[in-house]
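Colleague:
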Amino acid sequence: MPNTHPPTFDNPTADVSPKPILIVQQKTAIFARRIDSHIISGNFAGIEWRNLRAISDGIIETIVSANIISEEEVDAIETLHLDITSQTISPSIHLYSRVALDSDKTGAINKLCRALSARILKSSCNRSETDDLYDDAPEKITLTETEELAVKQGSTRTSATIGAKITHPVAILDEQTQQISALAGKTRKHTRAVVGTDRDIYVNAVIDELGYSKFSVRLICENGDVVDGYYGNRELFSEFANELKSQKSHHFLVKETLTDDGKNIRSVSFDGEAKP
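Just so you know, we're using UniProt numbering here: the sequence shown kicks off at 1 and counts up by one.
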């Protein structure tokens, strides 16, 4: 996951101070007013943080997979900008880079954002039999093999997280706040093929919930993260049940697979080298 804490400017591993690269901004106005110096009231339920996070996470996954920047070099910061004149709030997620990006990399990021937006949204035109990636795009976007795979994976995961529709329009802006692309309306279904390979994650966690009929298990990791997954056989149930009762921390292997509809399936087992 990308960093979600405010960027610090004294990181000794950073090549430069964090610089803004993109803004993912909800365009629907959220009306607000200041009651006093400490309190602001408004229709905050209209802020779709989930969609903003899904899109910003999709952008980060895409540019990381395209080898433009590493995940550790990106910060994602949630912000609220209050416009006193119009009495509105603009919810946004700002992406910062901890390394210097030249014009070629900045241009590649902007191109990938346009491609990602086109791939996330459902086309208003008829699709061709080949379902070509950009048959109906208003512009032809030239991608390398690596970039195309990155866009496909990023858009699949983003669409699955958002669901059927982007309720409140979202704009992707560059560091000069110029619009790169916009997203609104129905998202595209991705059911063509498996687009990801297995990823092994090792966590120290306790078992918090355990289901018998659905083979479900929930882990609470030592850092507070929650992992919902499945165990593979009934033999594990009795072992997991004992650990649920003991509430002792153990080392688990979580095998994560991205399916053809953009969902993550997590298979949970004891780490073989650290099995109790």
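Here a beta-carbon is modelled for each residue, glycine too, at the ideal position from N, C-alpha and C. From a predicted model like this one, the values you see are computed outputs, not experimental measurements.
DSSP has residue 168 in a bridge; who is on the other side?
Modeller: DSSP output for residue 168 lists no bridge partner at all.
Colleague: Would you kindly report the start and end of the unbroken alpha helix (DSSP H) that includes residue 255?
Modeller: Per DSSP, residue 255 belongs to no alpha helix (DSSP H); it is in the beta strand (DSSP E), 250-258.
Colleague: Going by the beta-carbon positions, is the gap between residue 32 and residue 89 smaller than 8 Å?
Modeller: The answer is yes: Cβ separation under 8 Å.
Colleague: Give the straight-line distance between the Cα atoms of residue 17 and residue 72, rounded to the nearest whole angstrom.
Modeller: If you take the alpha carbons of residue 17 and residue 72, they lie about 14 Å apart.
Colleague: How should residue 203 be labelled, buried or exposed, when 16 other C-beta atoms within 10 angstroms of its C-beta is the threshold for buried?
Modeller: Looking at its Cβ environment, which holds 16 or more other Cβ atoms inside 10 Å, residue 203 is buried.
Colleague: Going by alpha carbons, who is nearest to residue 171 out of 44, 116, 188 and 149?
Modeller: Taking only the C-alpha atoms, the option nearest residue 171 is 116.
Colleague: Between residue 175 and residue 66, how many whole angstroms is the CB-CB distance? I'm expecting something under 8 Å.
Modeller: With 8 Å as the limit, residue 175 and residue 66 do not qualify as a contact, their Cβ atoms being about 19 Å apart.
Colleague: By the 10 Å Cβ neighbour count, where 16 or more other Cβ atoms means buried, how is residue 122 classified, buried or exposed?
Modeller: Residue 122 comes out exposed.
Colleague: Residue ranges of each beta strand (DSSP E) run of no fewer than 3 residues wholly in the region 79-120, ordered along the chain?
Modeller: Qualifying beta strand (DSSP E) stretches, in chain order: 88-97.
Colleague: So what's residue 62 in DSSP terms, helix, strand or just coil?
Modeller: Looking at residue 62 - three-state DSSP - the assignment turns out to be helix.
Colleague: Could you check where the beta strand (DSSP E) with residue 183 kicks off and where it finishes?
Modeller: Residues 179-186.
Colleague: Given a cut-off of 8 Å on the beta-carbon distance, is the pair residue 97 and residue 69 in contact?
Modeller: In this structure, residue 69 lies closer than 8 Å to residue 97 by Cβ.
Colleague: Can you tell me whether DSSP reads residue 42 as helix, strand or coil?
Modeller: Note: residue 42 maps to strand in three-state DSSP.
Colleague: For my contact list, residue 253 and residue 269 are in at a C-beta cut-off of 8 Å; report their separation, rounded to the angstrom.
Modeller: Their Cβ separation, rounded to whole angstroms, is 5 Å, which keeps residue 253 and residue 269 in contact under 8 Å.
Colleague: Going along the chain, which residues of its own chain have a beta-carbon closer than 7 Å to the beta-carbon of residue 105, five neighbours each way excluded?
Modeller: The residues are 68.
Colleague: Does the region 143-160 come close enough to the region 214-222 that 3 or more CB-CB pairs lie under 8 Å?
Modeller: The region 214-222, when compared against the region 143-160, does not touch it at the 8 Å Cβ threshold.
Colleague: Looking only at its chain, what residues have a beta carbon closer than 6 Å to the beta carbon of residue 82, apart from the 5 residues adjacent to it on each side?
Modeller: The residues are 89.
Colleague: Can you grab the Cα-Cα spacing for the pair residue 207 / residue 232, in whole Å?
Modeller: When rounded, the distance between both Cα atoms is 15 Å.
Colleague: Is residue 178 buried or exposed, if buried means 16 or more other CB atoms sit within 10 Å of its CB?
Modeller: The residue is exposed, with fewer than 16 neighbouring Cβ atoms inside 10 Å.
Colleague: Where does residue 240 land, buried or exposed, given buried means 16+ other C-beta within 10 angstroms?
Modeller: Flag for residue 240 reads buried.
Colleague: Along the alpha helix (DSSP H) that carries residue 32, what are the first and last residues, could you check?
Modeller: Premise fails: residue 32 lies in the beta strand (DSSP E), 30-34, not in any alpha helix (DSSP H).
Colleague: Buried or exposed for residue 74, please, with buried defined as at least 16 other CB atoms from any protein chain shown within 10 angstroms of its CB.
Modeller: The residue in question, residue 74, is buried, as its Cβ has 16 or more Cβ neighbours within 10 Å.
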